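Undergrad: Could you have a look at this structure, given as structure tokens, before my questions?
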Amino acid sequence: SYELMEKIFKVYVYKDGGSPIFHKPYLRGIYASEGWFMKLMETSKYFSANDPSRAHMFYLPYSALKLRSATNATGATRQKFLALYLKNYISMLAAKYPFWNKTHGADHFLVACHDW
Numbered sequence: 005s006y007e008l009m010e011k012i013f014k015v016y017v018y019k020d021g022g023s024p025i026f027h028k029p030y031l032r033g034i035y036a037s038e039g040w041f042m043k044l045m046e047t048s049k050y051f052s053a054n055d056p057s058r059a060h061m062f063y064l065p066y067s068a069l070k071l072r073s074a075t076n077a078t079g080a081t082r083q084k085f086l087a088l089y090l091k092n093y094i095s096m097l098a099a100k101y102p103f104w105n106k107t108h109g110a111d112h113f114l115v116a117c118h119d120w
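In this note's numbering, the protein residues as written are 5 to 120.
Following this line, the structure appears as structure tokens:
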């Protein structure tokens, strides 16, 4: 039931990743939903799991908007940079923690709100 899910569902938020791409939500403008989701997940006492072994899902606190703003590249070059950056982050998590490898990332997610 929904009530049961609200009681037991837990999400582990990775602590890894540097600012401003990770853990620094942007809370204004048309992309604010990405930032608000990050802020609420990182401050939630309700769904947050401090112990990753108790988590049902794993959240990558990554800002597509902040990463896009951090590069001067344009077009296809920018897209390749964005993909490589995220791939390297995931590779680091997979090497450091067993959680990604357990399901090959099937229980991991990120939020990216954009129009590009």
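All C-beta atoms in this analysis are idealised placements derived from N, C-alpha and C, irrespective of residue type, glycine included.
On a predicted model such as this, the values are computed, not experimentally measured, just so you know.
#1: Relative to the C-alpha of Tyr-101, which candidate in Phe-62, Arg-72 and Leu-86 has its C-alpha closest?
#2: For Thr-75, collect the residues of the same chain with a Cβ closer than 7 Å to its Cβ; drop the 5 residues on either side in sequence, then sort them by chain order.
#3: From Met-96 to Pro-29, what distance separates their C-alpha atoms?
#4: Shortest alpha-carbon distance to Met-9 belongs to which of Ala-59, Ser-73 and Cys-117?
#5: The alpha helix (DSSP H) with Phe-41 in it runs from where to where?
TA: The answer reads as follows:
#1: Taking only the C-alpha atoms, the option nearest Tyr-101 is Phe-62.
#2: Here the set comprises Arg-82 and Phe-85.
#3: Going from the Cα of Met-96 to the Cα of Pro-29 covers about 22 Å.
#4: Looking from the CA of Met-9, the closest CA among Ala-59, Ser-73 and Cys-117 belongs to Ala-59.
#5: First-last of the alpha helix (DSSP H) with Phe-41: 36 to 47.
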